[in-house]
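Numbering (my numbering), first residue to last: 181 to 521.
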Amino acid sequence: MAQKDSFVFSEASEPHRIRTKEILKQHPDIRKLIGKNPNTIFAIIGLVAIQLVLSWFVADRSWWLVFGLAYLIGAFADHALFVMIHECAHRLLFKKPEANRLAGILANVPQIFPSSVSFERYHIKHHSFQGVHELDGDLPNKWEAKLINNYFIGKVVWLLFYPLFQIFRIPRLKEIKPFDTWVALNWAVQILFVVGISMLLGPKAIVFLLASFFFSVGLHPLGARWIQEHYLTHGEQETYSYYGPLNSVAFNVGFHNEHHDFPSIPWNKLPQIRSGAPTFYNTLFFHTSWTKLFFRFLFDKEISLYSRIVRNDRGKVKLTDESKPDVDMINATSKVAISVN
């Protein structure tokens, strides 16, 4: 099969605002799902505790156990923490933005690399400008897509080092503050944590946390989540949900169409969007297995990093980093509160 050399260009606006408006016309009760879930903080505390206990447990164990537990348990805990950071980015725990940011920094602690505050800014732009290459950090760089394309070994390397490829996308993105006091705080907390764990538990604990981090977003069935969300695996449908058993340990993050349609609804209520408006979601293609998708991505030459929709349309959303939550999206969707920071 010949290599692809470009993304799939669309002249249409991104699909979520249109669908949100139509859903609310037919199912206005879905508005009642919008809100906060402060109990999420207990999930964050529990997941952080799991990673700390496992770090202590492997500190003087064999290396095979360090990597084995990182793959089988640590990756799931870290992946769940990414979901918690995602909830904090959308301010779905507490009313005050500062409280959500602090909760996100706490969730970030076992992941070694300081990313929570920066993720909030880049991710919100992904919601506001889905498919706009200079603003959507979820899209690969052009050189990244050309390098990896549809090669098996390239996809393996890409998944294994996925966090690094995301860092390389930062210079491409516009209108985002790369550093401020919140980012500095995120870095300071992570540095203190890494130094403390190194001194108290030693190198194996750090290696366990590093391995858990890379497995949770990369060369692991959980890594298929990044393919599931927006890679074109069924025609030119732009966003896909996952309705499989791992949602139970991933805080319903698989309900991705639902989340993009209603970003101000917390994780525990996402399934109610689908059940409340089944005709809108059951007619869309969806995935039922991350493991199956993981192997399909690796071996299917029809799927490459070019298998993404791009567009020039920015809509009417403002570019500013610190705009009031929901203002622009409310106007676009019949006064519906959509949490896009």
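All C-beta atoms, glycine included, are put in the ideal place defined by N, C-alpha and C. Model, not experiment: these values are computed from the prediction.
What's the gap between the Cα of residue i and the Cα of residue j?
i      : j      : result
Ser235 : Leu389 : 7 Å
Leu340 : Phe475 : 14 Å
Ile453 : Asp258 : 26 Å
His270 : Glu416 : 27 Å
Ser444 : Leu272 : 7 Å
Ile483 : Val387 : 32 Å
Ala223 : Phe274 : 14 Å
Gly403 : Leu473 : 10 Å
Phe237 : Glu278 : 33 Å
Leu450 : Ala385 : 35 Å
Asn521 : Gln310 : Unreliable placement is indicated for Asn521, whose pLDDT of 35 sits below 50; no coordinate value is reported for it.
Asn280 : Lys205 : 31 Å
Leu478 : Leu485 : 11 Å
Ile198 : Phe247 : 45 Å
Ser503 : Trp244 : Per-residue confidence for Ser503 stands at a pLDDT of 39, beneath the threshold of 50, marking its modelled position as unreliable; no derived number is given.
Pro458 : Tyr422 : 15 Å
Ser392 : Pro383 : 14 Å
Phe256 : Phe395 : 9 Å
Glu410 : Val369 : In the sequence under discussion, the amino acid at residue 410 is His, which differs from the Glu named in the question. Those two C-alpha atoms are separated by around 32 Å.
Leu261 : Lys276 : 20 Å
Gly434 : Leu365 : 30 Å
Glu314 : Lys357 : 15 Å
Quick check on the DSSP output: the alpha helix (DSSP H) that includes residue i runs from which residue to which?
i      : result
Phe343 : Checking the sequence shown, residue 343 turns out to be Pro, not Phe. Per DSSP, Pro343 belongs to the alpha helix (DSSP H) from 342-348.
Gln408 : 404-410
His207 : Where His207 is concerned, there is no enclosing alpha helix (DSSP H), given that its DSSP letter is neither H nor E.
Gln556 : Coverage of the chain is limited to positions 181 through 521, which leaves residue 556 absent and any answer about it impossible.
Ile483 : Unbroken run through Ile483: none, as it is neither H nor E.
Asn366 : 361-381
Gly226 : 220-238
Leu353 : Careful: Leu353 lies outside any alpha helix (DSSP H) and carries neither H nor E.
Phe465 : Per DSSP, Phe465 belongs to no alpha helix (DSSP H) and is neither H nor E.
Gly254 : Where Gly254 is concerned, there is no enclosing alpha helix (DSSP H), given that its DSSP letter is neither H nor E.
Leu245 : 243-249
Buried or exposed, going by whether 16 or more other CB atoms sit within 10 Å of the CB of residue i?
i      : result
Asn219 : exposed
Arg241 : exposed
Gly284 : buried
Asn462 : exposed
Phe460 : buried
Ser296 : buried
Gly226 : exposed
Glu191 : exposed
His400 : buried
His414 : exposed
Ile407 : buried
Leu372 : exposed
Arg455 : Reading the sequence as shown, one finds Ser at residue 455 and not Arg. When all chains shown are included, Ser455 counts as exposed.
Asp493 : exposed
Thr419 : buried
Phe187 : buried
Ser487 : buried
Leu380 : exposed
Ile347 : exposed
Val233 : exposed
Leu344 : exposed
Phe189 : exposed
Asp209 : exposed
Pro294 : buried
Asp316 : buried
Glu267 : buried
Glu355 : exposed
Ser298 : buried
If we cut at 9 Å on Cβ distances, does residue i have a partner in chain D?
i      : result
Glu409 : In the structure shown, chain D cannot be found, because there is only a single protein chain.
### Message
Under 8 Å: do the region 428-444 and the region 371-379 share three or more Cβ pairs, one atom per stretch?
### Response
no
### Query
What residue ranges within the region 414-457 form continuous alpha helix (DSSP H) runs of no fewer than 4 residues, ordered along the chain?
436-441, 450-456
### Task
Would you check if the region 300-307 and the region 330-339 touch, i.e. whether three or more CB-CB distances between them fall below 8 Å?
no
### Task
Decide yes or no for the touch test of the region 198-215 against the region 345-353: beta carbon pairs closer than 8 Å, at least 3 of them.
no
### Query
Three or more C-beta pairs closer than 8 Å, one from the region 324-333 and one from the region 243-259: is that the case here?
no
### Query
Hey, which unbroken runs of the alpha helix (DSSP H) at 4 residues or more fall wholly within the region 262-328?
The region 262-328 contains these whole alpha helix (DSSP H) runs: 277-288, 296-308, 322-328.
### Query
Is it a yes or a no for the region 357-364 touching the region 308-326, going by three-plus beta-carbon pairs under 8 Å?
no
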